[in-house]
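See structure below.
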Amino acid sequence: NDCDGKTDEDFPELGNPCGLGVCKGIYVCSSDKTTTTCSGFSSKQKEICSNSLDDDCDGIVDELYEELPDGRIVSGCMCREGDRKPCGSNVGRCREGYRVCINGEWSRECLDKTGPFTEVCNGEDDDCDGIIDNIDGKTSVQETKCQCYNGNPPKTEICNDIDDDCDGETDEGLSCCRDGDERACGSNTGICSPGIEKCVNGKWSGVCENSYGPDPRGEICWDNLDNDCDGQTDENCDLEITCNNGYKDVNEEGVDCGGECPRKCGINLSWILFSIGVILLIISIMLAEFKGKL
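Quick note, the sequence shown lines up with residues 248 to 541 if you use this note's numbering.
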């Protein structure tokens, strides 16, 4: 138009690409031929989630909602199509489910979750509030069945980690345990050696494995051992009145044998000779008396 031999030399951008997303186009002459404009959409629109288009022409497709450090909110999608996030609870009888991203928003329904349920008196946390059997939100202590019975007498205490009889203690007075637990048993006194007792079905088995003693025959005399594992050796063994059978007491007291528990020993020859002498003396006296009467 200016007859300088050049065409549209003042608009070098003509034909070049312009815009982003759905606004993408090329530069063309404006309607009044005095400037250029982008042939794409002339104005941005709100990002439409999950259509795989850059609706707001910022170069990002279906971008996520974002809160900037200064508090400003950048519009966008809450989630991407098909994404999942957990919902619900794993407390008590409840089990988590999931929400699905639909059209850039999380579904309201929590899919595949379990519970909560109405609380009933069954030893479980049905309503998933972290407290077992708190009917109508009432409970005497955190783990109890008391309020379940609505005034009925407390139950008998059983092994269940619950204060059944409502005295503030759990499983008291019972031999409760958890399967797999072990505890020492038996004795290491005398000939005995300790063993291990195991927990079976929530109770101690009553079987002391790998233990030894006491001797089923009880205390065995004169072996200097504590056979019945009561801390005493050879107790209740009868003391001999004399040592004629080859036993004598450890105090060497001779006839009365009234000392400590006797032990085996050799035949006491002096005592035998003394006894024979006494017998012969008695016989001599009896013969003398008999002759005197003749």
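The beta carbon of each residue, even a glycine, is placed where N, CA and C say it ideally should be.
- Put simply, the backbone Cα of N337 is about 21 Å away from that of I409.
- With the rule of 3 Cβ pairs closer than 8 Å, the segment 427-435 counts as touching the segment 448-468.
- In the three-state reduction of the DSSP assignment, L358 falls in the strand class.
- Its Cα nearest to that of G344, the residue C334 stands out among G370, C334, E352 and G351.
- Scanning its chain for C-beta atoms nearer than 6 Å, with the 5 sequence neighbours on each side dropped, one finds around R342 the residues T361, in chain order.
- With a threshold of 16 other beta carbon atoms within 10 Å, D359 falls short and is exposed.
- Counting every other CB atom within 10 Å of its CB across the protein chains shown gives G465 a total below 16, marking it as exposed.
- Sixteen is the threshold: since fewer than 16 other Cβ atoms of the shown chains lie within 10 Å of the Cβ of D279, the residue is exposed.
- Per the coordinates, the alpha-carbon of E536 lies some 11 Å from the alpha-carbon of I529.
- Taking C-beta atoms under 8 Å as the contact rule, D414 and I405 fail to qualify, at a distance of about 14 Å.
- Counting only unbroken stretches of 3 or more residues, the beta strand (DSSP E) elements lying wholly within the segment 400-486 are 429-432 and 442-447, in sequence order.
- Relative to the Cα of V269, the nearest Cα in the group G442, E294 and F258 belongs to E294.
- Annotated three-state conformation of V275 is strand, per DSSP.
- Taking the Cα positions, R355 is about 22 Å away from R340.
- DSSP places P333 in the uninterrupted beta strand (DSSP E) bounded by R331 to C334.
- For T283 and C357, the gap between their C-alpha atoms comes out near 52 Å.
- Ranked by Cα distance from E260, the options L267, V275, K271 and G266 are led by V275.
- Nearest neighbour of S434 by Cα position, chosen from D477, R346 and L472, turns out to be D477.
- Per the DSSP secondary-structure output, R342 pairs in a beta bridge with T361.
- Sixteen is the threshold: since fewer than 16 other Cβ atoms of the shown chains lie within 10 Å of the Cβ of G377, the residue is exposed.
- Excluding its 5 nearest sequence neighbours in each direction, E416 has C-beta neighbours in its own chain below 7 Å: D410, listed in chain order.
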